[in-house]
Every structure is written in C-alpha cells, then in structure tokens.
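Trainee: Residue numbers (the numbering used here), protein chains in the order written: chain A, 95 to 332; chain B, 95 to 332.
2 protein chains.
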Amino acid sequence: MAGRAAVPEVIWARPERTGRGPKPAFTRADIAAAAVRIADERGLDAVSMRHIAAELGCGTMSLYNHVPRKEDLYELMLDAVGAEHELFEPTGDWRADMLRNAAETRAIMRRHTWVPRLMAGVLGFSPNTLRYLEHCLACLEPLDVPAGTKTELIALLNGVVTTYTANDIATVERTRSVPWSVEEENAVRMAYLGRQVATGAYPRLAAAFAEQSGPVDLEEVFRRALERVLDAFDPERR
Amino acid sequence: MAGRAAVPEVIWARPERTGRGPKPAFTRADIAAAAVRIADERGLDAVSMRHIAAELGCGTMSLYNHVPRKEDLYELMLDAVGAEHELFEPTGDWRADMLRNAAETRAIMRRHTWVPRLMAGVLGFSPNTLRYLEHCLACLEPLDVPAGTKTELIALLNGVVTTYTANDIATVERTRSVPWSVEEENAVRMAYLGRQVATGAYPRLAAAFAEQSGPVDLEEVFRRALERVLDAFDPERR
DNA sequence: TCCTAGTTACGTACACCGTACGTAGTGCGC
DNA sequence: GCGCACTACGTACGGTGTACGTAACTAGGA
C-alpha cells in the first residue's frame, strides 16, 4: 500500500464548500447546468473545460476548484438530467407506473442525446439516481416478489430503455459537428444495408426485410419490448 | 442541395484498393487489429492515430489512406471483434442456441472491455454484424413467430447482454490509466453507497440491501435476466 | 513502349484538448 | 488582527485529430 496513490472520493462525498476563503463565484450546479446546455446545443464533444468556462464567464482553471476531474463533470451532468425525472405518487398499478418511468427516461434521453454515451462509461450512484431507484421501488411496492427481483426488474427495464433509445438517437449525436443532416446519413447507411441484403448473402435477413410492409413504428416496437419485460416479471401473466 | 457537402460512403462500401499506385504496406485489417490490440492492452483512450502508426511502424498520416476518419476506425474495431462470434450449426433448440450466443457476446465484451463504450455511439451494420444477425435468425428458425418478432427478440437480448455486461466492466475500463486498482475504486464507491443508504433517506433501497445475504452472484443474475427475456418470447411458456 | 494520372506514404503545421503548477488575492476561524 | 485555507486564473506542456503539400510509385491508355 505504501507509496500507492490514494483513491479520490466520489464527487458526491466531497463537500461543496468548506467555509474558508473568498466566496465562490459559481456553484457545482452552475457548472453542471452549463455543461448540459453546451452538450444539448453543440454535442457532447463540445463540452470542454474551456467552453464551460466561457459560458460561465470565468477562467478555465477555476473550474478545477469545483470539479477535480473531467470524469466527475460527466457524473454531474448525468445527475443533473436525472433531476428531470418526475417522482410521482405511485398509483398502485406497478406496470403502469413503470411504463411511465420508462417513458420519462426515454423522453429525457431524447432531450439530451448524449446521455446514453455517458452512461456506457460511468457507473454512478448519484443522489438523483438513488432517488429515482427509491421511487421505482416505491412503484413496485404492490408487486409481490423479493426485493432482489425488483432491483433486477428495474435494471433490466432501464437497460432496455437505454439500448432502444440509444439506437434511435445515435445518429443524431454523431452528425452533430458534420456538414450533412441526420436524414442524409441514415439514407446512406440504409442504402448500404439494402444493397448488402440484396446480394443474397443473408437470406433470412432478406426475408425479414421483405416481410415488413411499410415503415416500422419505432415507438410501437419500444412499447412492445417494455411489455415483454414486464410480462417476464408479472406473476399474473405467467 | 447545391454547395452542401456530400455524405461520405459507409466504410464498408469503400473499396479497399483501386489498383493504381504503389502497393499498400498494410491493410485495413492490419489497422483494425493494431487498434484492438492497443485498446485491449492500454484502454480505448490510448487508441490514437499516432499509437496505431507506431504499432504498425508507419507514419501517422498514412493511416488516412485506409481509414478516412477516426470514427470509421471504431467501426473497424467493432467489426473485428465481431469476427470472434462462432457461427455454430443451430441445434434446433432455439433457447439453448440463443443462450450460447449471449454467452459468447458476454465473453467477447469481457475480453474487450471497450466494446460497450463504442457500441453506445456507433450504429454499425458491419459485415460481421450482418453475419451474426443472420446466424441468430438461423438459430430462431424453430421458433414459430413472425420474422419481425424474431428481430425484436435479437435486439432485446443483445441489449440486455450489453447493459448487464457493461455495468460489470465499466470500472475496469475506467481505471485503466489511473494509479489505483479496480477493487479500490469499487470499494470507495460501495462505501459511499453504504453511507447514503444508512442515512435512512432511501428506506426501500435499504430494505433491499438488508435482504440480501452474502455477495450477489452476477453470473446468476445475468442468466436469470436472459431466461426472463426468452420466456417473454416463448409461446410454450406463456 | 512511354507517359501520365491516380494512389500511397509521410512530414509539417494548426487548432484544440485536459490539466499540472505557480501566483495573487480574499475572508473565516482563532 | 493575524494567518491560513481557499478561490481565481494565467501560463505552459504534452497529447489529440487531421488539413495540406510533396515525393515516390505503378497500372492503364496512347
């Protein structure tokens, strides 16, 4: 152990202010809000310490008094958008409540298309994440299964929401700083896919393509996936 | 449209070589292999054009003759590890076959801990992805549901595998270039979580914590999640 | 056969990134 | 009132992706 660097504390365990010295010109929340604003408007890659500082009208290095590392900034950002979850009063219908939670998560991700990318790298138990977890458990109160199963349900459902929504918005986030539109990029990718399938190298895939008439309703696909997951945990449906 | 930049072709649609000029000193596959090697050994953040060039013993800018943008490199990397999927002969038991596919995906991600992070940003229909998709459809041949439902099953299952495995390995990837160990970082995070739960602010979460006796077997949790998803699509189980 | 056009390889250069470090000034706790 | 812990911030360093220019090379058309 001797000589080894100590593990820094989680950002949430670090006190925002200790009392001594000049009054800070901005708070941790200000920084997070600025970062979120930048990510929303100009994409996640535009979230640099310099840009945040510019947005806040302060020097770049001042930020490090509030946020020790950039990775902590990412946790702040995720926590900030986590606050957008409405922690409504559970209705007693756990399926409906969880569907509502899922819909809200999806909506949040649509508003902040960079969220899935950050979630893939950060395992955060931020205050708002914990609050949301607790809220989900409250919604699941009527469900008569062990608590461990409930957390598994929450994890599974959140995972499905994330991956499904991430696929929808991946192109949006990618084409952020590029001189062509999302639709154009999608068209190119779909054209390639169509050409590949047409070669005959993927017969079953081709059949699946041929089967579908008209455009897929992504919202409907999403809804079905959620229902399936909920079914898998519903004692009355098995 | 006039004056607008054209959308570049998907990397897979670009021919590897057109015939004129000097013989290339390395191939696209060489670049992908070098990138994967670096990512495995030193983490995804170490995958820079300069490092790849050093690994290949060539100039940095030479790479751009083979890979127009770095994002394309990411697609190459994902396709390269996609080749590690064993496309076995379907047994006729679609559940067993899909479980095997899922286990392989999980194993691949454990070998290449950077995969989830890349998958969150790249929507790729690379050759190996298409082959894997076709293979999954072959495994699902005995399942008597519409083709659309089968693709939904594949998507849902892959999503679950990704999110579950990503959570396991997120810390591994994060602590790559940092002077403390994964265990130490996890300990700090868990300590914080324990402290928060102990405050009493999250009673249901606390109850869930108290309920579990002994450490959770992540592998078992994973297996259960898969079974649940498969159940949701199994006509004989509903 | 030779010429030329398209490709490859590669060095230089630029704008940008995270952040280590040093300095100056502020205001709470003793 | 003093000291010290804290804030703010400028400078600088080593890294990044990649635009651009140049030289060498080779296949196809004359």
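We put the beta carbon where it would ideally sit given N, CA and C, even for glycine.
Whole angstroms is fine: what's the gap from B:A127's alpha carbon to A:A301's?
Mentor: Looking up residue 127 of chain B in the second sequence gives position 33. Looking up residue 301 of chain A in the first sequence gives position 207. B:A127 and A:A301: Cα-Cα distance of roughly 33 Å.
Trainee: Distance check for A:A133 and A:G218, CA to CA, integer angstroms please.
Mentor: For the purposes of this step, residue 218 of chain A is taken as the residue at position 124 of the first sequence. For the purposes of this step, residue 133 of chain A is taken as the residue at position 39 of the first sequence. Approximately 19 Å between the Cα atoms of the pair.
Trainee: Please confirm if A:V254 has its CB atom under 8 Å from at least one CB of chain B.
Mentor: Walking along the first sequence from the start, residue 254 of chain A turns up at place 160. Chain B, which has a Cβ nearer than 8 Å to the Cβ of A:V254, makes this yes.
Trainee: Suppose you measure from the CA of A:F316 to the CA of B:K117; what does that come to, to the nearest Å?
Mentor: Here residue 316 of chain A corresponds to residue number 222 of the first sequence, with the count starting at 1. Here residue 117 of chain B corresponds to residue number 23 of the second sequence, with the count starting at 1. The alpha-carbon atoms of A:F316 and B:K117 are separated by roughly 49 Å.
Trainee: Just mark B:A304 as buried or exposed, buried being the case when its beta carbon has 16 or more other beta carbons within 10 Å.
Mentor: Position 210 of the second sequence, counting from 1, holds the residue named residue 304 of chain B. Result: exposed.
Trainee: If we require 4 or more residues per run, which alpha helix (DSSP H) segments fall completely within the stretch 295-331 of chain A?
Mentor: For the stretch 295-331 of chain A, whole alpha helix (DSSP H) runs of length 4 or above, ordered along the chain, are 297-305, 312-327.
Trainee: Please classify A:E279 as buried or exposed, where buried requires at least 16 neighbouring CB atoms within 10 angstroms.
Mentor: Here residue 279 of chain A is taken as the residue at index 185 of the first sequence, counted from 1. Buried, because 16 or more other Cβ atoms sit within 10 Å of the Cβ of A:E279.
Trainee: Please determine, among A:D187, A:F120, A:R200, the residue with the shortest C-alpha to C-alpha distance to A:G253.
Mentor: Reading the first sequence from its first residue, position 159 is the one you call residue 253 of chain A. That would be A:R200, whose Cα lies nearest to the Cα of A:G253.
Trainee: Below 8 Å on the Cβ atoms is my guess for A:A196 versus A:L320; work out the distance and round it to an integer in Å.
Mentor: Along the first sequence, read from residue 1 onward, the residue named residue 196 of chain A stands at position 102. Along the first sequence, read from residue 1 onward, the residue named residue 320 of chain A stands at position 226. 6 Å between Cβ atoms; contact.
Trainee: Helix, strand or coil: how does DSSP classify A:E235 here?
Mentor: Taking the first residue of the first sequence as 1, we reach residue 235 of chain A at position 141. Here A:E235 sits in coil by DSSP.
Trainee: Would A:A129 pass as a contact of A:L181 if the rule is Cβ separation under 8 Å?
Mentor: As a first step, residue 129 of chain A must be located in the first sequence, where it is residue number 35. As a first step, residue 181 of chain A must be located in the first sequence, where it is residue number 87. Taking 8 Å as the Cβ cut-off, A:A129 and A:L181 do not qualify as a contacting pair.
Trainee: Determine the DSSP secondary structure at A:E149, reduced to helix, strand or coil.
Mentor: To locate residue 149 of chain A, count along the first sequence from 1; it is residue 55. Note: A:E149 maps to helix in three-state DSSP.
Trainee: From what residue to what residue does the alpha helix (DSSP H) around B:D262 run?
Mentor: Counting from 1 along the second sequence, the entry for residue 262 of chain B is found at position 168. Per DSSP, B:D262 belongs to the alpha helix (DSSP H) from 241-268.
Trainee: Buried or exposed: where does B:S271 fall if 16 or more other Cβ atoms within 10 Å of its Cβ makes it buried?
Mentor: Locating residue 271 of chain B in the second sequence gives position 177, counting from the first residue. B:S271 should be labelled exposed.
Trainee: Cβ of B:V130 less than 8 Å from any chain A Cβ?
Mentor: Here the question's residue 130 of chain B lines up with position 36 in the second sequence. No, no contact with chain A.
Trainee: Does chain A have any CB closer than 8 Å to the CB of B:R298?
Mentor: In the second sequence, counting from the first residue as 1, residue 298 of chain B sits at position 204. B:R298 counts as touching chain A.
Trainee: Just the C-alpha distance for A:E103 and B:P297, rounded to the nearest angstrom, thanks.
Mentor: Residue mapping note: residue 103 of chain A aligns to position 9 of the first sequence, counting from 1. Residue mapping note: residue 297 of chain B aligns to position 203 of the second sequence, counting from 1. Whole-angstrom Cα-Cα distance: 24 Å.
Trainee: Which bits of chain A does B:T257 rub up against, with CB to CB less than 7 Å?
Mentor: What you label residue 257 of chain B is simply residue 163 of the second sequence in a count that begins at 1. Neighbours of B:T257 on chain A, chain order: G253, T256, T257.
Trainee: For B:V175, which of B:M213, B:G242, B:T243 has the nearest alpha-carbon?
Mentor: Position 81 of the second sequence, counting from 1, holds the residue named residue 175 of chain B. For B:V175, the nearest C-alpha among the options comes from B:M213.
Trainee: Which bits of chain B does A:V101 rub up against, with CB to CB less than 8 Å?
Mentor: Start at 1 with the first residue of the first sequence, and residue 101 of chain A comes out as number 7. The contacting residues are W274, E278, E279, A281, V282.
Trainee: Below 7 Å CB to CB, which residues in the same chain sit around A:L231 once its five sequence neighbours on both sides are set aside?
Mentor: As a working mapping, residue 231 of chain A is identified with position 137 in the first sequence. Taken in chain order, the residues that qualify are K244.
Trainee: Spell out whether any CB of chain B is found under 8 Å from the CB atom of A:F316.
Mentor: Walking along the first sequence from the start, residue 316 of chain A turns up at place 222. By this cut-off, A:F316 is not an interface position.
Trainee: Which first and last residues belong to the alpha helix (DSSP H) in which A:A214 is found?
Mentor: What you label residue 214 of chain A is simply residue 120 of the first sequence in a count that begins at 1. Segment: none, A:A214 is in no alpha helix (DSSP H) and carries neither H nor E.
Trainee: Output yes if chain A places a C-beta closer than 8 Å to the C-beta of B:A319; else output no.
Mentor: The residue given as residue 319 of chain B occupies position 225 in the second sequence. Taking Cβ atoms only, chain A reaches closer than 8 Å to B:A319, which makes this a yes.
Trainee: Between the stretch 151-165 of chain A and the stretch 181-195 of chain A, are three or more C-beta pairs nearer than 8 Å?
Mentor: In short, these stretches do not touch, since the Cβ pair count stays below three.
Trainee: Kindly indicate if chain B contains any beta-carbon less than 8 Å away from that of A:V372.
Mentor: Nothing about residue 372 of chain A can be reported from this structure: the residues present for chain A run from 95 to 332 only.
Trainee: Mind listing the chain B neighbours of A:T199? Cutoff is C-beta to C-beta under 7 Å, in chain order.
Mentor: Position 105 of the first sequence holds residue 199 of chain A. Ordered by position in chain B, no residue passes the 7 Å Cβ test against A:T199, which lies about 13 Å from the chain.
Trainee: Using a Cβ cut-off of 8 Å, pull out every chain A residue sitting near B:T245, in sequence order please.
Mentor: On the second sequence, position 151 is the one that residue 245 of chain B refers to. Correct list: A302.
Trainee: Alpha carbon to alpha carbon, what distance is there between B:V101 and A:L287?
Mentor: The residue given as residue 287 of chain A occupies position 193 in the first sequence. The residue given as residue 101 of chain B occupies position 7 in the second sequence. The alpha-carbon atoms of A:L287 and B:V101 are separated by roughly 16 Å.
Trainee: What number of angstroms, rounded off, separates the C-alpha of B:A241 from the C-alpha of A:T207?
Mentor: The count along the second sequence starts at 1 and reaches residue 241 of chain B at position 147. The count along the first sequence starts at 1 and reaches residue 207 of chain A at position 113. Those two C-alpha atoms are separated by around 30 Å.
Trainee: Return the Cβ separation of A:G215 and B:R205 in integer angstroms, given the expectation that the two are a contact with Cβ distance under 8 Å.
Mentor: The residue labelled residue 215 of chain A in the question sits at position 121 within the first sequence. The residue labelled residue 205 of chain B in the question sits at position 111 within the second sequence. At roughly 18 Å, the Cβ-Cβ gap does not stay under 8 Å, so A:G215 and B:R205 are not in contact.
Trainee: Is it buried or exposed, B:Q290, if we count other Cβ atoms within 10 angstroms and call 16 or more buried?
Mentor: For the purposes of this step, residue 290 of chain B is taken as residue 196 along the second sequence, with counting starting at 1. The residue is buried, with at least 16 neighbouring Cβ atoms inside 10 Å.
Trainee: With A:L157 as the anchor, note down where its alpha helix (DSSP H) starts and where it stops.
Mentor: Residue numbering aside, residue 157 of chain A sits at position 63 when the first sequence is read from its first letter. From DSSP, A:L157 is part of no alpha helix (DSSP H); its letter is neither H nor E.
Trainee: Any residues in the stretch 185-197 of chain A with a beta carbon nearer than 9 Å to a beta carbon of chain B? Which ones, in chain order?
Mentor: Under the 9 Å Cβ criterion, the stretch 185-197 of chain A contributes no residue.
Trainee: First and last residue of the alpha helix (DSSP H) that includes B:V130?
Mentor: Taking the second sequence and counting its residues from 1, the one referred to as residue 130 of chain B is at position 36. Start and end: 122-136.
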